[in-house]
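In the numbering used here, the protein residues as written are 2 to 56. Glycine included, C-beta positions come from ideal geometry on N, C-alpha and C. Below is one structure, written out as structure tokens; the observations come after it.
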Amino acid sequence: MTPADRPDARRRTLISSLQLRYSEAQKRGDAKAKLVLFREAVYLGIQPQLFTDDH
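The structure is reproduced here in structure tokens:
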């Protein structure tokens with residue numbers, strides 16, 4: 002992996018983490034946890050549809 006690839010790999014890892022945690026919060030019906038995830042995504046510069054939509 003080249004240094005230029007690292008940001009993309011990091012971003013993919015972050016999105017995967019958000020997807021997993023969002024899915025778990027969705028199953029629990031945990032609105033507070035989902036709000037925290039949305040705030041985290043905004044902080045990281047990740048659009049919510051990247052981890053809330055089924056891909």
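Going straight from the alpha carbon of arginine 31 to that of glutamate 25, what length do you get?
What sits at residue 31 in the sequence shown is aspartate, not arginine. Distance between the alpha carbons of aspartate 31 and glutamate 25 is about 9 Å.
Cutting at 7 Å between CB atoms, please list the residues of its own chain near leucine 45, excluding the five before and the five after it.
Leu15
Could you tell me the distance, in whole angstroms, from the CA atom of arginine 11 to the CA atom of arginine 29?
Just so you know, the alpha carbons of arginine 11 and arginine 29 end up roughly 27 Å apart.
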